[in-house]
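Just so you know, we're using the UniProt record's numbering here: the sequence shown kicks off at 1 and counts up by one. Following: one structure in structure tokens, then a few remarks.
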Amino acid sequence: MGHDASASLIGYIYQLRYALKVLLSSDDPERVLVLEKYDDIAIFDGHQPTRFIQLKHHRGASGSLADRSTDLWRTIASWIDSVADNQNLLAHAVFSIVTTAQASEGSIAAMLRQPVTRDKADTVYNNLHAIASEGGNKEHASFYKKFMDADSSIVKSIIKSTQVFDKQPDIEDCAREIKQLLHFCCAPQFVDDVFSQLEGYWFEECISALSTQGYTLPSRGRVLSEIRRIAEGFAEDNLPTDLDDLQVEGLVLSDDGSKLFQRQLNAIGAGARRIDLAKKDYYKASVHRSRWLQHGSLLLPEELDRYDSRLVDEWEHRFAAMEDDLGQGADEDDKRRAGQALLRELEKLNCPIREKCTHAFIMRGSFHILANIPRIGWHIDFETLCSEGEGGEFDQ
């Protein structure tokens with residue numbers, strides 16, 4: 001990826017991340033943001049935008065807010081357009097430039113760091129007017145023309161409502177600041193995990209808002225509810241469950257049907273639909289169990305072993321009852337029906353891995369993981385059938 005392309009990508013991510021930071025830093029649960037319609041970020045109170053934020057993310061020494069910079073003039077032109085469409089904005093809106101660069105002392109941007117007085121607005125306007133009158137930069141010609149054509153009183157009103165925030169956190173520092181805001185909701189070792197899931201949720205919401213007409217970003221209150229939901233997964237009596245259905249579908253589609261748990265299902269005459277559902281449960285449970293173990297702080301191998309032993313114990317009691325019910329003279333159809341009944345009974349159990357981790361696919365998928373070893377089975381003769389392997393009666 002070229003430098004310009006990577007810088008643009010970082011700029012887009014920074015916009016979404018900074019928007020999340022702005023929303024979480026607010027005290028108003030009804031606070032709503034709008035992206036790209038009015039500015040990079042527009043803050044709404046009720047139905048009116050009250051603050052426009054123009055973001056400028058730069059790495060190292062690149063980029064500036066010098067008096068003749070593109071960053072400055074493109075922003076001014078954009079705000080002139082916004083006010084031309086709705087002059088009521090001047091009565092209640094604040095215009096902000098947020099940049100990771102540093103404004104040079106004595107520059108227009110530096111003068112706008114503090115609230116602007118009428119005299120300062122006149123000075124800034126005169127400096128801008130001199131630059132626009134002089135011209136000389138073909139790339140800025142449209143910006144200069146827009147400035148010169150605009151009513152001077154309107155431009156001065158925009159200037160009086162403008163504030164520059166330079167040396168602001170870059171994309172990485174912005175992430176760190178959001179994580180600081182998340183320390184209230186989970187143990188310190190899980191902050192990175194909560195942040196990752198929160199940002200994934202927020203980015204999806206932003207994409208929907210940018211691509212779907214009429215779709216609005218969630219309010220601060222809704223985002224806080226999502227944070228609480230995510231954080232609950234990292235409580236001592238819970239485990240986080242977060243898996244893209246497309247990822248599961250990919251695993252299912254790549255499955256060739258040769259796994260032992262599937263052949264065990266074939267042995268009891270399970271239908272194609274049931275086997276497909278079992279595959280989804282198997283892969284969803286497998287991925288979650290693996291993630292929990294790999295994390296290190298979420299689930300210890302000993303706890304997972306104890307959970308599997310609980311499931312095996314539940315299976316053993318029901319399997320023994322099935323043996324008694326079938327007796328010695330059962331034919332193959334009876335054995336298959338009994339195996340299907342055993343599977344149905346175990347799938348209805350309420351046996352969560354932790355008290356609040358109640359997603360049934362974890363238990364169902366764990367049963368299939370055990371059947372894939374095989375520590376358990378559905379057919380009364382599953383041990384014999386499993387030992388015969390592929391090509392034997394198991395697959396008929």
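Quick reminder that beta carbons are idealized off the backbone N, C-alpha and C, glycines included.
Which term fits residue i, buried or exposed, when burial requires 16 or more other beta carbons within 10 angstroms of its beta carbon?
i, result
"Lys37", "exposed"
"Gly365", "buried"
"Arg289", "buried"
"Lys138", "exposed"
"Gln396", "The pLDDT assigned to Gln396 is 38, lower than 50, so where the model puts this residue is not dependable; a value taken from the coordinates is nonetheless given after this. Per the 10 Å Cβ criterion, exposed."
"Arg263", "buried"
"Phe195", "buried"
"Gly377", "buried"
"Tyr215", "exposed"
"Arg273", "exposed"
"Thr384", "exposed"
"Thr162", "buried"
"Gln197", "buried"
"Thr212", "exposed"
"Lys160", "buried"
"Leu253", "exposed"
"Leu9", "exposed"
"Asp28", "exposed"
"residue 402", "Nothing about residue 402 can be read from this structure; the chain reaches only from 1 to 396."
"Ile43", "buried"
"His140", "buried"
When DSSP builds the beta bridges, which residues end up paired with residue i?
i, result
"Phe52", "Ala42 and Phe95"
"Arg354", "Cys357"
"Phe165", "Val98"
"Val34", "Ala42"
Would you check if the distance between the CB atom of residue i and the CB atom of residue j is smaller than 9 Å?
i, j, result
"Ile154", "Ile76", "no"
"Cys357", "Arg310", "no"
"Ile171", "Tyr283", "no"
"Val94", "Tyr18", "no"
"Arg354", "Asp308", "no"
"Leu55", "Leu181", "no"
"His57", "Ser64", "no"
"Ala330", "Ile373", "no"
"Leu239", "Gly233", "yes"
"Phe319", "Leu349", "no"
"Thr100", "Gln168", "yes"
"Glu199", "Leu33", "no"
"Ala209", "Phe382", "no"
"residue 401", "Leu298", "No information on residue 401 is available, as it lies outside the stretch 1 to 396 that the chain covers here."
"Arg220", "Arg74", "no"
"Arg222", "Asp166", "no"
"Phe361", "Asp281", "yes"
"Glu314", "Leu346", "yes"
Kindly give me the distance between the Cβ atoms of residue i and residue j, rounded to whole angstroms, as I take these residues to be in contact under 8 Å.
i, j, result
"Glu205", "Pro218", "6 Å"
"Ile53", "Ser96", "5 Å"
"His359", "Thr241", "5 Å"
"Ala285", "Leu265", "About 15 Å separates the two Cβ atoms, so there is no contact after all."
Can you find a heavy atom of the ligand NAP that lies under 8 Å from the Cβ of residue i?
i, result
"Arg310", "Among the components modelled here there is no ligand, and therefore nothing to report on the ligand NAP."
Using a Cβ distance threshold of 8 Å, determine whether the stretch 104-115 contacts the stretch 36-51, with at least three qualifying pairs required. no
When the Cβ atoms of the stretch 138-154 are set against those of the stretch 64-81, are three or more pairs found closer than 8 Å? yes
Taking 8 Å as the cut-off, does the stretch 337-348 touch the stretch 228-235 (at least 3 CB pairs, one atom from each stretch)? no
Between the stretch 110-125 and the stretch 168-188, do three or more beta carbon pairs fall short of 8 Å? no
Segment contact flag, the stretch 249-261 with the stretch 323-334, C-beta cutoff 8 Å, min 3 pairs: no
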